[in-house]
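Trainee: In order, the protein sequences belong to chains A and B. Numbered by this note's numbering, the letters in the first sequence go through residues 1067 to 1388 in order. Numbered by this note's numbering, the letters in the second sequence go through residues 3 to 192 in order. Cβ coordinates follow ideal geometry from the N, Cα and C atoms, glycine included. Predicted model only: the values in this text are computed from it and were never measured. The structure's right below; bear with me while I get my questions together.
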Amino acid sequence: MSDFSVWQPTAPLENLRRRAALLADIRRFFSERQVLEMDVPILSRRATSDPHIDSITANCSGEPAYMATSPEFGLKRLVAAGIGDCYYLGKAFRNGEAGGRHNPEFSMLEWYRVGWDDHRLMIEVGELLSWVLRIPQVRSYSYRALFLQHVGLDPHRASFAELKDAVARVLELSFEPAGRDECLDLLMSHHIEPRMDGDGGDRITLVYDFPATQAALARVEVDELGVPVARRFEAYVKGMELANGYWELTDAPEQQRRFEADHRFREAQGKPVYPFEERLVQALEAGLPNCAGVALGFDRLLMLACGARRIDEVIAFPIDRA
Amino acid sequence: MASYSTNEFKGGLKVMLDGDPCSIVENEFVKPGKGQAFNRVKLRNLKTGRVWERTFRSGESLESADVMDREMEYLYNDGEFYHFMEPESFEQHQADVNTVGDAAKWLKEQDICVVTLYNGAPLAVTPPNHVILEIAETDPGVRGDTAQGGTKPATLVTGAVVKVPLFLEIGDSIKVDTRSAEYLGRAKED
């Protein structure tokens, strides 16, 4: 890329036209299913507590405010208020995330289905992806089944030492893994994701029942082997992580405990700690109906639809040109 | 010495890894949505030429390597060392056979090449992309066969062997791409 052309979009115009069409298609998909589009703040006085997601801090009327890392809190408050099935299709921001599949400002599709659990919502995620990407084949695996197949270990029961050995067999690291979850993240992102499609045929892969330590805002339930697992799922296509969903936690005291635990983790790691959304805890206290929700990276979906290899092929002005 | 964080890693950056100077080939940011961020990095060890793949935690940093590329004139080979000179300061550097490596077969006296210096001493030599060299040895030319696509091996004065068209003779000067050892054409000048 030469300096004289930096005013131009990095994405081919053809892909930007496709972006407009895909936005319209998704809105039609939900409109036909009576799921309402909602607008929630992207500038907020509260921020995510997620251990591994950093917020971009802004200044609003002399006070710190945060760019939303997802519309989750706003949408759940609306679901608790009784809006019913709803979605958000718009911008989200994550500090420091930039690369071939990341831009700090990106577009996210997130939706909630009242009365559904994770497995019911996985079906709908499969339907949406099949329709957009014209890939009919959808497969579901438990997180455990994937690890057994590709690593030969039960991810819920393997010891830290066993996981460290498994990492050392497949990767060269510049550091010593600090815990089980770091090993699991390394194996999943570096080893399993690229191998998920196996023989190479295009398919949509849904992975469910994540480790209880990676529950985020999902319920934790005991699985058929008696192991507590997070009722959380992810969707992958061509080795790319596309979506993350939960059978949503509705227990207010548990939500409060998780926020506090996240804060302690971030403090211990020397990461910025933001004010957490106590209004979500209040909404859960008032009563969040039984529901499932999922967030999907819209730009990545567009990358797959266009056959793009890098996210800057589908975003007009990524951060270096924004 | 300066150090670089993973978010500054980009192709061509020179860093120290395991005590060896390396050049970054590729840097991929890998982050599961709800998981920890990593950088999967490919680095070329500048001493051995081997490419390593290494995963870092995002935010880790590496010390910069005191490595720089300098254009220098190749002077001569004294049987043990190859001698190079910086054209502006006239400062001379000598490099042994291992350092010069494969580049040796393209080096012609007075040509300008790139000498990579590590802590001030030559680490590697890169010949110019295009060189003009004389044919020292080849089968006799076949006249009138300029249009046909046939080739024959020719040994150049520096020792490199290149496939050339059949009509060329010993003593002809040709232009060669040193990256692919491909014959580019007959040299028009001298």
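Using the rule of at least 16 other Cβ atoms within 10 Å of the residue's Cβ for burial, across every protein chain shown, is K12 (chain B) buried or exposed?
Mentor: Exposed, because fewer than 16 other Cβ atoms sit within 10 Å of the Cβ of K12 (chain B).
Trainee: For the 8 Å Cβ check, are there 3 or more pairs between the segment 1190-1204 of chain A and the segment 1267-1286 of chain A?
Mentor: yes
Trainee: Residues of chain B with a CB under 8 Å from the CB of A1282 (chain A): which are they?
Mentor: K36
Trainee: Closest to F58 (chain B) by C-alpha separation, out of B:D179, B:K44, B:M74 and B:T50, would be which residue?
Mentor: The residue among B:D179, B:K44, B:M74 and B:T50 with its C-alpha nearest the C-alpha of F58 (chain B) is B:K44.
Trainee: Note down, one range per segment and in chain order, each beta strand (DSSP E) of at least 3 residues found wholly within the segment 1273-1327 of chain A.
Mentor: Listed in chain order, they are 1286-1288, 1294-1303 and 1306-1313.
Trainee: Which residue or residues does DSSP assign as beta-bridge partners of T1114 (chain A)?
Mentor: Beta-bridge pairing links T1114 (chain A) to no other residue.
Trainee: Can you confirm whether E111 (chain B), when its beta carbon is compared against all beta carbons of chain A, has any partner nearer than 8 Å?
Mentor: no
Trainee: Could you give the distance in angstroms between the alpha-carbon of L15 (chain B) and the alpha-carbon of S66 (chain B)?
Mentor: About 8 Å.
Trainee: Say whether chain B places a C-beta atom closer than 8 Å to the C-beta of G1165 (chain A).
Mentor: yes
Trainee: May I have the straight-line CA-CA distance separating N1169 (chain A) from F1159 (chain A), to the nearest angstrom?
Mentor: 8 Å
Trainee: Any C-beta of chain B sitting closer than 8 Å to the C-beta of S1255 (chain A)?
Mentor: yes
Trainee: Taking the beta carbon of L135 (chain B) as the centre, do at least 16 other beta carbons fall within 10 Å, making it buried, or is it exposed?
Mentor: buried
Trainee: Is it right to say E1138 (chain A) is buried, meaning 16 or more other beta carbons lie within 10 angstroms of its own, or is it exposed?
Mentor: buried
Trainee: Restricting to runs no shorter than 3 residues, where is the beta strand (DSSP E) found entirely within the segment 1192-1259 of chain A?
Mentor: Complete beta strand (DSSP E) runs here, min 3: 1204-1208.
Trainee: Measuring straight from C-alpha to C-alpha, what distance separates H1329 (chain A) and K1337 (chain A)?
Mentor: Whole-angstrom Cα-Cα distance: 9 Å.
Trainee: Taking the beta carbon of H1118 (chain A) as the centre, do at least 16 other beta carbons fall within 10 Å, making it buried, or is it exposed?
Mentor: The residue is buried, with at least 16 neighbouring Cβ atoms inside 10 Å.
Trainee: Measure the beta-carbon distance from G1359 (chain A) to Y1312 (chain A) and round it to whole angstroms, keeping in mind my assumption that it falls under 8 Å.
Mentor: 6 Å
Trainee: Beta carbon of A162 (chain B): closer than 7 Å to some heavy atom of the ligand PLP?
Mentor: By its list of ligands, the structure shown contains no ligand whatsoever, and the ligand PLP lies outside what it can speak to.
Trainee: When you compare each of B:G152, B:P142 and B:K165 to G173 (chain B) by their alpha carbons, which one comes out closest?
Mentor: Nearest C-alpha to G173 (chain B): B:P142.
Trainee: Excluding the 5 residues preceding and the 5 following V117 (chain B) in the sequence, name in chain order all residues of the same chain whose CB lies nearer than 6 Å to its CB.
Mentor: So the qualifying residues of the chain are R72, M74, F86, P124 and V127.
Trainee: Residues in its own chain within less than 6 Å of A1301 (chain A) by CB, not counting five upstream and five downstream?
Mentor: Taken in chain order, the residues that qualify are V1191, L1272, L1308 and A1309.
Trainee: Name, going along the chain, the residues of the segment 47-61 of chain B whose beta-carbon falls closer than 9 Å to a beta-carbon of chain A.
Mentor: W54, E55, R56, T57, F58, R59, S60 and G61
Trainee: Who are the near neighbours of D113 (chain B) in its chain, counting only those whose CB is closer than 8 Å to its CB and skipping five residues on each side?
Mentor: E75, Y76, P129, P130 and V133
Trainee: Expressed to the nearest angstrom, what Euclidean distance is found between the alpha-carbon atoms of M1067 (chain A) and V1339 (chain A)?
Mentor: Its pLDDT being 45, under 50, M1067 (chain A) is placed unreliably in this model, and the value from its coordinates should be taken loosely. Roughly 38 Å between the two C-alpha positions.
Trainee: Given that R42 (chain B) touches chain A, what residues does it touch there, using C-beta distances under 7 Å?
Mentor: H1256
Trainee: Taking beta-carbon pairs under 9 Å, can you tell me which members of the segment 1343-1364 of chain A lie near chain B?
Mentor: A1361 and G1363
Trainee: Quick check on DSSP: helix, strand or coil for R1143 (chain A)?
Mentor: helix
Trainee: Report yes or no: is there a C-beta of chain B within less than 8 Å of the C-beta of H1216 (chain A)?
Mentor: no
Trainee: Measure the CB-CB distance between Y1154 (chain A) and E1171 (chain A) and report whether it falls below 8 Å.
Mentor: No, the Cβ-Cβ distance between Y1154 (chain A) and E1171 (chain A) is not below 8 Å.
Trainee: Sort out for me which residues DSSP pairs F40 (chain B) with in a bridge.
Mentor: DSSP lists B:V32 and B:R59 as partners of F40 (chain B).
Trainee: Exposed or buried, which one is Y78 (chain B) when buried takes at least 16 other CB atoms within 10 Å?
Mentor: exposed
Trainee: Along chain D, which residues have their Cβ under 8 Å away from the Cβ of F1241 (chain A)?
Mentor: Absent from the structure is chain D; the protein chains it does hold are A and B.
Trainee: Which value, in whole angstroms, describes the spacing of the CA atoms of L1350 (chain A) and G1165 (chain A)?
Mentor: 36 Å
Trainee: Please confirm whether F1222 (chain A) and V1293 (chain A) have their CB atoms less than 8 Å apart.
Mentor: In the sequence as presented, Phe is not what sits at residue 1222 (chain A); that position holds His. Their beta carbons are under 8 Å apart, which means H1222 (chain A) touches V1293 (chain A) by this criterion.
Trainee: If distances are taken between C-alpha atoms only, which option among A:L1088, A:G1150, A:A1227 and A:L1229 comes closest to L1102 (chain A)?
Mentor: A:G1150
Trainee: S1255 (chain A): buried (16+ other C-beta within 10 angstroms of its C-beta) or exposed?
Mentor: Under a 10 Å Cβ-count criterion, S1255 (chain A) is classified as buried, with 16 or more other Cβ atoms of the shown protein chains found around its own Cβ.
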